[in-house]
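Only one structure is covered here, and it is reproduced in the block below.
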Amino acid sequence: MSYRLPDGRPLVVKHIRAVRLLTTCADCRFNISTDCEEGYYGVRLYRDTQSRFHVGVCIQRMDLCQPVEEFVVGDACDEVVRLRESDLRDMTA
């Protein structure tokens, strides 16, 4: 979120919301407020020992990481896109 201070200087802060991916997080053993450390915060890019890139959607569930090529055509990517589109509609309504 961006603000402008009274003297004109910009102030930018990060606002973290408790967000879950409805399908991806639905049956997760961490999907309760006391165990899920972060919820869905955004995609992360990781590199494995063979320098291949993988996309992750959770810091606690590395088993959800997928090679980039699989992620971009998969259900988790579609779910992230739907979430972002929904956020955009909500923020501009």
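Position in the sequence shown (first residue = 1) + 41 = our numbering.
Just so it is clear, CB atoms sit at the ideal spot from N, CA and C, and this is done for glycine as well.
Check whether the segment 79 to 96 touches the segment 56 to 63, counting contact only when three or more Cβ pairs, one atom from each stretch, lie closer than 8 Å. Judged by Cβ distances under 8 Å, the segment 79 to 96 makes contact with the segment 56 to 63, as three or more pairs qualify.
For D96 versus V114, is the C-beta distance shorter than 8 Å? The residue asked about is misnamed: residue 96 is Val in this sequence, not Asp. For the 8 Å CB-CB criterion, V96 and V114 do not form a contact.
Compare the C-alpha of L63 against each of S74, D128, L124 and name the closest. Considering only alpha carbons, the answer is L124.
Nearest by alpha-carbon distance to V121: which of A134, M42, P51, R61 is it? That would be R61, whose Cα lies nearest to the Cα of V121.
Leaving out five residues before and five after L52 in sequence, what residues of the same chain have Cβ atoms less than 8 Å from its Cβ? Excluding positions up to five away in sequence, the list reads S43, Y44, R45, L46.
Quick one: grab the DSSP three-state call for F94. In the structure shown, F94 sits in a strand (DSSP, three-state: E or B).
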